[in-house]
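Peer 1: Pasting a structure here, questions to come.
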C-alpha cells in the first residue's frame, strides 16, 4: 500500500464517470415515474434541466483523466485494443456515453422551447422525436452500465489478480456499482431540489403546476433515500466480506493492506465509513421521513444536499484508499 | 517461432551489477531508471554451537528484468496495442504508440515496465534486439564478469541446464504467464527463505 497522491486524476475521472452514469439512469427512472403519475410535460419540467448538468461533468471527467496518462495527445490510441483491454473498452464506452447521452440531452432540451418555437419544427419530425429520444436514452443507459463494468474490470481483471491482490475480489465491481447508484441518485436529488427552487422563483409557472412539481419532488426524493439506504446496505455487507478475504488470503500483500488500514490509513478508513453511513444511511432515513410531510421543506432540501456532500466526500476518500491498495513495485512475493 | 530467454547461475553471480550498468548504458537510462535490477537477497540467524552463539547467515543476488513471458500479462491489458511479441518471442513496447497509462506496470508481476516521466511513456528491456539481430549478445550478458548469464532459445537453455528453474526466492509465482528466465538456485540458502535487502534501491 502507498499514498496514491499521483492518482487524483483517476479518482476524479472515476467519480465523475460513475456519478454521471448513475444520475442518467436515475433521471430516466424519475422521468418515467413522473410520466406515469402525471404527464410528459410535468416530467420534462422535472428532469430536463437536471439532465443538462451531466454533459459538462463528463467533459470535466475526460479532462481529468488526461492528468493520468503521460501522452494525452495520443488519447485516440487508447481505442486500439478494445479486443482484449478493459481500459480501452472503458475509454470507448465513456466516449460513446458522452456522444449518445449528449445527443439525447440535445433532443430533450428541445422540450424547453416555447410552444411557438416547438411548432416551427415540422409535424413529422415532432412525432418522431420522442421515439428517437427514448431509443437514445436506452442505448446511453446500457453504454453507461458497460462503462462502469469496464472501469471495475480494469482492476478486477483476472490477468492482474496475482499481483493486484487487493483489487482481486468481487468487492471491486460491487464498490463501483454501489458508487454509481449512490452518487447518481443523490446528485440527482440535489439537481431536482435546485430545479424546483428555480421553478418556484419564476413567476410564470402556474401554481397548480408548481404544486405538482413539489409533490413529484417529494416522491422522487423519497425514492432516492430508499435507493441510498438499500445501496449502503449492500456496501456494508460487502466490506466485512472483503476484509475477511484480506485476512484469510495468504498473500503477504493482503496482510500489508490490512495493517495499513489499521495504522497509516486508519483515519481515512474511519472517515470513509462514517461519511458513507451518515450520508446514505442516517440522513437518508431522515429524508425519507421528511419527504412524507409537507412541512419543513427547507430542512428536507438541506438534508438532501448534506447527504450528497457526505457521500461524495466518503467516496473521494474511498477511491483514494482504493488506489492505495495498488501494489507498488512487486518483484517478489514479499 | 523461437522464444529467447535468459539463464543466470546464482552461485556464480557476485552482485557486481555490471549487467545493470551495461543495460542502463545501452538504453541511455537516467540514474534510478533500471530495466535490469539486481536483487540482494539475504537471511539467516544466530545458531548455538556448544556454549557459543555464532552467526549463520546467507546472501545471494538475483538479476532480473523483463522475462519476455510466453503469455505476458502486460500485452492484452495495454489499451493502445503498443505491446507485442516478435518472431523471437521478445516482448516489445512501441514507444510511439504508448500513451503512458501505467496499466502494464500494474499488470507485470516483476516490475519490468518503467515509466518515463518526461516522455510520458513506458519502456522496458527489449532483449537488446538491435544487437542480437546483428549477431551480438545482449549487453547484460556481455558485461557479466563472472559469465553467470547466458541467453538463447529458452528450450536450448533448458536442455543445457536441466536443473534451472524460475521458482527462485524472492521472484513472485509465475502463474500461467510462462516467464522465459531460468535460474540455477544458490545453494547457500538451502531450505531457508531470504528477503530482499535492497528494497529501496530497486
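Protein chains in written order, with our numbering: chain A, 1 to 334; chain B, 1 to 202.
For glycine and all other residues, C-beta sits at the position ideal for the given N, C-alpha and C.
None of these values were measured; they are calculated from a predicted model.
#1: Can you give me the start and stop residues for the alpha helix (DSSP H) that residue 44 (chain A) sits inside?
#2: Interface residues of chain B around residue 157 (chain A) at Cβ under 7 Å?
#3: Quick test of the definition: if touching needs 3 or more C-beta pairs under 8 Å, does the region 36-44 of chain A touch the region 53-68 of chain A?
#4: Taking only runs that begin and end inside the region 99-151 of chain B, name each unbroken alpha helix (DSSP H) of 4 or more residues, in chain order.
#5: May I have the straight-line CA-CA distance separating residue 333 (chain A) from residue 161 (chain A), to the nearest angstrom?
#6: Could you tell me which of A:32, A:255, A:85, A:285 sits nearest to residue 158 (chain A), measuring between CA atoms?
#7: Is the region 242-256 of chain A close to the region 166-173 of chain A, with three or more CB pairs under 8 Å?
#8: Using beta-carbon positions only, say whether residue 203 (chain A) and residue 291 (chain A) come within less than 8 Å of one another.
#9: Could you check what DSSP says for residue 22 (chain A) in three-state terms: helix, strand or coil?
#10: Under the DSSP definition of a beta bridge, which residues are partnered with residue 182 (chain B)?
#11: Taking CB distances under 8 Å as the criterion, tell me whether residue 321 (chain A) reaches chain B.
#12: Would you call residue 1 (chain B) buried or exposed, if buried means 16 or more other Cβ atoms sit within 10 Å of its Cβ?
#13: List, in chain order, every chain B residue whose beta-carbon is nearer than 8 Å to that of residue 78 (chain A).
#14: Using beta carbons (cut-off 8 Å, strictly below), is residue 106 (chain B) in contact with chain A?
#15: Look up residue 46 (chain B) in the DSSP assignment and say whether it is helix, strand or coil.
#16: For residue 83 (chain A), does the three-state DSSP call read helix, strand or coil?
#17: Within a Cβ cutoff of 6 Å, which residues of the same chain sit near residue 225 (chain A), ignoring the five residues on either side of it in sequence?
#18: Would a check of beta-carbon distances place residue 121 (chain B) closer than 8 Å to chain A?
#19: Residues in the region 173-195 of chain B with C-beta within 7 Å of chain A's C-beta atoms, listed in sequence order?
#20: DSSP three-state label for residue 177 (chain A), please.
#21: Indicate the three-state DSSP secondary structure (helix, strand or coil) for residue 113 (chain A) in the structure shown.
#22: Of the residues that make up the region 153-183 of chain A, which ones have a beta carbon closer than 7 Å to any beta carbon in chain B?
#23: Tell me whether residue 74 (chain A) sits in a helix, a strand or coil according to DSSP, three-state version.
#24: Closer than 8 Å, Cβ to any Cβ of chain D: which residues of the region 35-69 of chain A, in chain order?
#25: Could you check which residue in B:84, B:5, B:51, B:77 has the C-alpha nearest to that of residue 82 (chain A)?
#26: Taking only beta-carbon atoms, is residue 197 (chain B) less than 8 Å away from chain A?
#27: Can you find the residues in the same chain that come closer than 6 Å, C-beta to C-beta, to residue 74 (chain B), ignoring five residues on each side of it along the sequence?
#28: When you check each C-beta in the region 4-29 of chain B against every C-beta of chain A, which residues fall closer than 9 Å?
#29: Within the chosen definition, does the region 152-171 of chain B reach the region 2-10 of chain B through at least 3 CB pairs nearer than 8 Å?
#30: Give a yes or no on whether 8 Å exceeds the smallest Cβ distance from residue 73 (chain B) to chain A.
#31: At least one CB of chain A closer than 8 Å to the CB of residue 61 (chain B): is that the case?
#32: Can you tell which of B:89, B:92, B:114 has the C-alpha that lies nearest to the C-alpha of residue 101 (chain B)?
#33: Is it true that the CB of residue 108 (chain A) sits closer than 8 Å to the CB of residue 165 (chain A)?
#34: Under a Cβ-count criterion, where at least 16 other Cβ atoms within 10 Å of its own Cβ denotes burial, should residue 99 (chain A) be classed as buried or exposed?
#35: Are the C-beta of residue 294 (chain A) and some C-beta of chain B separated by less than 8 Å?
#36: Which term fits residue 154 (chain A), buried or exposed, when burial requires 16 or more other beta carbons within 10 angstroms of its beta carbon?
Peer 2: For this structure:
#1: The residue given as residue 44 (chain A) occupies position 44 in the first chain. Start and end: 40-51.
#2: Counting from 1 along the first chain, the entry for residue 157 (chain A) is found at position 157. By Cβ distance, chain B contributes 77.
#3: no
#4: 103-107, 129-133, 139-143
#5: Against the first chain, residue 333 (chain A) aligns to sequence position 333. Against the first chain, residue 161 (chain A) aligns to sequence position 161. Annotation note: pLDDT 47 at residue 333 (chain A) (below 50); position unreliable, coordinate value reported separately. Whole-angstrom Cα-Cα distance: 13 Å.
#6: As a position in the first chain, residue 158 (chain A) is number 158, starting the count at 1. Nearest C-alpha to residue 158 (chain A): A:85.
#7: yes
#8: Along the first chain, read from residue 1 onward, the residue named residue 203 (chain A) stands at position 203. Along the first chain, read from residue 1 onward, the residue named residue 291 (chain A) stands at position 291. Result no, Cβ atoms of residue 203 (chain A) and residue 291 (chain A) do not sit closer than 8 Å.
#9: Indexing the first chain from 1 puts residue 22 (chain A) at position 22. It is helical.
#10: As a working note, residue 182 (chain B) is residue 182 in the second chain. Partner(s): B:7.
#11: Residue numbering aside, residue 321 (chain A) sits at position 321 when the first chain is read from its first letter. No, its Cβ sits nowhere closer than 8 Å to a Cβ of chain B.
#12: The residue given as residue 1 (chain B) occupies position 1 in the second chain. It counts as exposed.
#13: To locate residue 78 (chain A), count along the first chain from 1; it is residue 78. Per Cβ cutoff of 8 Å: 79, 80, 99, 101.
#14: Looking up residue 106 (chain B) in the second chain gives position 106. For residue 106 (chain B), the nearest beta carbon of chain A is closer than 8 Å to its own beta carbon.
#15: Walking along the second chain from the start, residue 46 (chain B) turns up at place 46. Looking at residue 46 (chain B) - three-state DSSP - the assignment turns out to be strand.
#16: On the first chain, position 83 is the one that residue 83 (chain A) refers to. For residue 83 (chain A), the three-state secondary structure derived from DSSP is coil.
#17: Indexing the first chain from 1 puts residue 225 (chain A) at position 225. Here the set comprises 284, 287, 288.
#18: Translated into the one-based positions of the second chain, residue 121 (chain B) becomes position 121. By this cut-off, residue 121 (chain B) is an interface position.
#19: 173, 175, 195
#20: The sequence position of residue 177 (chain A) within the first chain is 177, counting from 1. Reduced to three states, the DSSP call for residue 177 (chain A) is helix.
#21: Here residue 113 (chain A) corresponds to residue number 113 of the first chain, with the count starting at 1. It is coil, neither helix nor strand.
#22: 157, 159, 160, 162, 163, 164
#23: As a position in the first chain, residue 74 (chain A) is number 74, starting the count at 1. Note: residue 74 (chain A) maps to helix in three-state DSSP.
#24: Of the protein chains in the structure, A and B, none is chain D.
#25: What you label residue 82 (chain A) is simply residue 82 of the first chain in a count that begins at 1. Among B:84, B:5, B:51, B:77, the Cα nearest to that of residue 82 (chain A) belongs to B:77.
#26: Residue 197 (chain B) sits at position 197 when you count from the first residue of the second chain. Output row for residue 197 (chain B): interface = no.
#27: Residue mapping note: residue 74 (chain B) aligns to position 74 of the second chain, counting from 1. Excluding sequence neighbours, residue 74 (chain B) sits near 83, 104, 107, 108.
#28: Going along the region 4-29 of chain B in chain order, one finds no residue with a Cβ nearer than 9 Å to chain A.
#29: Taking 8 Å as the limit for Cβ pairs, the verdict is that the region 2-10 of chain B does touch the region 152-171 of chain B.
#30: As a first step, residue 73 (chain B) must be located in the second chain, where it is residue number 73. Residue contact with chain A for residue 73 (chain B): present (Cβ-Cβ distance below 8 Å to some residue of chain A).
#31: Position 61 of the second chain, counted from the first residue, corresponds to residue 61 (chain B). Not one chain A Cβ lies under 8 Å of residue 61 (chain B).
#32: Stepping through the second chain from its first residue, residue 101 (chain B) is reached at position 101. Of the candidates B:89, B:92, B:114, the one whose C-alpha sits nearest the C-alpha of residue 101 (chain B) is B:114.
#33: Within the first chain, the letter at position 165 stands for residue 165 (chain A). Within the first chain, the letter at position 108 stands for residue 108 (chain A). Going by C-beta atoms, residue 165 (chain A) is not nearer than 8 Å to residue 108 (chain A).
#34: Numbered from 1 along the first chain, position 99 holds the residue referred to as residue 99 (chain A). That one is exposed.
#35: Start at 1 with the first residue of the first chain, and residue 294 (chain A) comes out as number 294. Not closer than 8 Å to any Cβ of chain B, the Cβ of residue 294 (chain A) fails to qualify, so no.
#36: Taking the first chain and counting its residues from 1, one reaches residue 154 (chain A) at position 154. With 16 or more other Cβ atoms within 10 Å, it is buried.
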